[in-house]
Amino acid sequence: MTANLKVDFHTHTSDDPQDYIGFSAEQLIDRAAERGFDALAITNHDAVTFSRRLEEYAAARNVLLIPGVELTLSHKHVVVINPGFKKAEDFRSLDDLAAIRNDNTLIIAPHPYYPGSRCLRSKLEPCLDSFDAVEFSFFYNHFINPNKRAVATARKSGKPLVGSSDCHNIWQVGHTYSLVEAEKGIPSIIAAVKNGRVEVATTPLSMGSMFRVGINWVLGDKLNVHLRI
6 MTANLKVDFH THTSDDPQDY IGFSAEQLID RAAERGFDAL AITNHDAVTF SRRLEEYAAA
66 RNVLLIPGVE LTLSHKHVVV INPGFKKAED FRSLDDLAAI RNDNTLIIAP HPYYPGSRCL
126 RSKLEPCLDS FDAVEFSFFY NHFINPNKRA VATARKSGKP LVGSSDCHNI WQVGHTYSLV
186 EAEKGIPSII AAVKNGRVEV ATTPLSMGSM FRVGINWVLG DKLNVHLRI
């Protein structure tokens, strides 16, 4: 039976080998359950954080845990949902997307037009056919919104738009997510997104919240100061 499932396709945890994240996979799952999520993908950078134990931990809280990873390909970030591999280091180029993509995976262009050096930006359109969806990211407000170009690209190309939290701070959970019309199973969710049965649910951040995200990014991800505000 299909339903509008509350899903976050882009999150991070303390297992992330690149960024400092101050909460565990279990804590993220707990928060997602508290916020009424039906499904969740942990997409740490170049590392697949998924195990039978975590899958069962999530299931006990009525959350479907979906395998995922945020790959670095040609120095740009790409989110792969339900990857058919465990070793992210086997893939290094955007040209590898042809080998990664299949009916069972979902390839998402995350925060594509944000100013970060790892964002796809001009690299997206030349390889847009290798992507299944474009991300609408949580980090915006009424005055600053780099998602506008992502929305335009999705509309022009006919690609679905998915909402994600890109959660580096646990309070981000629930600000932006996807509503997917599907059965509660990985194949059904992936097929639904590819067929456009997905909507973005989002709330703009306050200026204070955007400031918090920026400070935490500088402290944790750039200066390696393990402090979150």
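When you read off a place in the sequence shown, starting at 1, and then add 5, the result is the number in the working numbering.
The C-beta atom is built at its ideal place from N, Cα and C for all residues, glycine as well.
Residues near residue i by beta carbon distance below 6 Å, same chain, minus five either side
i      : result
Asn150 : none
Asn49  : His17, Asp20, Asp21
Leu184 : Asn9, Glu204, Ala206
Lys91  : Val53
Cβ-Cβ separation, residue j to residue i (assumed contact under 8 Å), whole Å
i      : j      : result
Ile112 : Asp137 : 5 Å
Val12  : Asp43  : 6 Å
Val205 : Gly168 : 4 Å
Closest Cα partner of residue i within the set the options
i      : options                        : result
Cys172 : His15, Asn9, Asp100            : His15
Phe96  : Val178, Glu75, Leu59           : Glu75
Thr207 : Lys164, Arg160, Phe216, Asn152 : Asn152
Arg57  : Gly41, Ala30, Glu39            : Ala30
Met6   : Tyr119, Arg160, Lys189         : Lys189
Arg160 : Gly41, Leu99, Leu133           : Leu133
Gly201 : Leu166, Pro192, Gln23          : Leu166
Beta-carbon contacts of residue i that lie in its chain and below 8 Å, excluding the five residues immediately before and after
i      : result
Ala34  : With the sequence shown as reference, residue 34 is identified as Ile, and Ala is not the correct amino acid for it. Around Ile34: Leu45, Leu59, Tyr62, Ala63, Arg66, Val68, Leu70.
Gly89  : Ile105, Asn107, Asn109, Thr110
Arg123 : Thr77, His80, Lys81, His82
Ser170 : Asp13, His15, Thr16, Phe143, Gln177, Val178, Gly179, His180, Thr181, Tyr182
Pro117 : Cys124, Leu125, Arg126, Leu129, Val139, Glu140, Arg154, Ala155, Thr158
Where residue i falls, given that 16 or more other Cβ within 10 Å makes a residue buried
i      : result
Pro72  : buried
His147 : exposed
Ala157 : exposed
Glu140 : buried
Asn250 : Residue numbering for the chain in the displayed model covers 6 to 234; residue 250 lies beyond these limits and cannot be assessed.
Val198 : buried
Pro115 : buried
Sequence-distant residues of its chain with Cβ nearer than 7 Å to residue i (five each side left out)
i      : result
Asp101 : Leu78
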